[in-house]
Amino acid sequence: MKPDGNPITPAGLAALRARYDHLLGTERPAIVEIVSWAAGNGDRSENGDYLYGRKRMREIDRELAWLARRMKAARVVDPARQEDRSRVLFGATVELADEDDNRRTLTLVGDDEQDAGKGLIGWSAPIARALRGARVGDLRVVRLPGGEKEWEIMTIDYPVPA
4 MKPDGNPITP AGLAALRARY DHLLGTERPA IVEIVSWAAG NGDRSENGDY LYGRKRMREI
64 DRELAWLARR MKAARVVDPA RQEDRSRVLF GATVELADED DNRRTLTLVG DDEQDAGKGL
124 IGWSAPIARA LRGARVGDLR VVRLPGGEKE WEIMTIDYPV PA
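For the sequence shown, the working numbering assigns the number 4 to the initial residue and increments by one for each residue that follows.
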């Protein structure tokens, strides 16, 4: 299955939803309360609580709008339901080895849930594009800022269906 649009795992969509709910239900009401209190204290032009609160409220509103757009465009793809488990497709966890046998494990996820520090690589990242469709034993060349690097696919795993 080749995801199009904005693919995301069920866990990734849940994380976006949790962030949206936290901002809307917790952070924004707290800032509104601070701004209301600060506005009642007189001169707003020199009131740090009021000025910071208004600025933070704009930031929260921008993030809420961004999250709403991303969730609306999201197309949930459950990697556990992947039928062809012999190829690297969306949601695959792949172990790679370079020419010096340095190993690296990556999981291909939606762009909105990528976290390179945790090995979660966005679907449209250069390394993810290079790995798409590969099978165990295939060699893939990835163009990185420091030059090209060749990786061999050692294993391909998918979550077990629930």
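The beta-carbon is built from N, C-alpha and C at its ideal position, and this holds for glycine as well.
Report back the beta-carbon spacing between residue i and residue j to the nearest angstrom; my notes put them in contact at under 8 Å.
i      : j      : result
Gly1   : Leu109 : The chain is shown only over 4 to 165; residue 1 falls outside these bounds and no answer can be derived.
Asp52  : Ala41  : 4 Å
Ser127 : Asp114 : 6 Å
Gly15  : Glu116 : 3 Å
Leu111 : Ala131 : 5 Å
Anyone know if the C-beta pair for residue i and residue j falls short of 8 Å?
i      : j      : result
Asp103 : Glu153 : no
Leu70  : Arg22  : yes
Pro129 : Arg146 : yes
Met60  : Val35  : yes
Gly8   : Arg88  : no
Pro10  : Phe93  : yes
What residues in its chain sit with their C-beta under 7 Å from that of residue i, if we drop five residues either side in the sequence?
i     : result
Gly56 : Ile34, Ile37, Val38, Ala41
Leu19 : Leu70, Arg73, Met74, Asp115
Pro13 : Val79, Asp81
Gly43 : none
Which same chain residues, not among the five before or five after residue i, have their C-beta less than 6 Å away from its C-beta?
i      : result
Val144 : Glu151, Glu153
Arg90  : Gly136, Arg138
Gly149 : none
So, for residue i: in the same chain, excluding its five sequence neighbours on each side, which residues have a beta-carbon less than 8 Å away from its beta-carbon?
i     : result
Leu26 : Ile63, Glu66, Leu67, Leu70
Gly45 : none
Counting pairs of Cβ atoms below 8 Å between the stretch 145–164 and the stretch 81–97, do you hit three or more? yes
Which runs of the alpha helix (DSSP H), 4 residues or longer, sit entirely within the stretch 85–150? 129–134
Does the count of Cβ pairs from the stretch 74–85 and the stretch 137–154 closer than 8 Å reach three? no
Jot down the residue ranges of each uninterrupted alpha helix (DSSP H) in the stretch 18–97, minimum 4 residues, whole runs only, in chain order. 31–42, 51–76
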